[in-house]
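Participant:
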Amino acid sequence: MVGFVVSDARAALVPILVVAGVKCGLVGLQFMGLRAAHPAVRAGFLALFCGLVFALFLAHRHG
Numbered sequence: 001m002v003g004f005v006v007s008d009a010r011a012a013l014v015p016i017l018v019v020a021g022v023k024c025g026l027v028g029l030q031f032m033g034l035r036a037a038h039p040a041v042r043a044g045f046l047a048l049f050c051g052l053v054f055a056l057f058l059a060h061r062h063g
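This note's numbering numbers the first residue of the sequence shown as 1 and each following residue consecutively.
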């Protein structure tokens with residue numbers, strides 16, 4: 001819903017990525033078992049996701 005509301009704005013990428021990040025975190029904790037996983041696994045998941053989001057942000061800025 002947030003993506004639809006801000007889709008016309010030029011700066012829509014940031015709110016869309018924030019919503020996607022929250023959704024990814026909730027899915028990871030609830031359905032992928034990260035809540036009970038070792039802290040290093042959770043940190044790795046977070047680092048991977050942040051790296052992907054940063055790469056998408058840079059690709060959008062330069063392309």
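The beta carbon of each residue, even a glycine, is placed where N, CA and C say it ideally should be.
As the structure is a computational prediction, the values presented were derived from the model and not from experiment.
Within a Cβ cutoff of 6 Å, which residues of the same chain sit near Ala59, ignoring the five residues on either side of it in sequence?
Facilitator: The count along the sequence shown starts at 1 and reaches residue 59 at position 59. Closer than 6 Å at Cβ, skipping near neighbours: no residue.
Participant: Between which two residues does the alpha helix (DSSP H) carrying Leu34 extend?
Facilitator: Here residue 34 refers to the residue found at position 34 of the sequence shown. First-last for Leu34: undefined, no H or E at that position.
Participant: With DSSP collapsed to three states, give me the class of Ala43.
Facilitator: Residue numbering aside, residue 43 sits at position 43 when the sequence shown is read from its first letter. Helix.
Participant: In the structure shown, what three-state DSSP assignment does Ala59 receive?
Facilitator: Start at 1 with the first residue of the sequence shown, and residue 59 comes out as number 59. The answer is helix: DSSP assigns Ala59 an H, G or I state.
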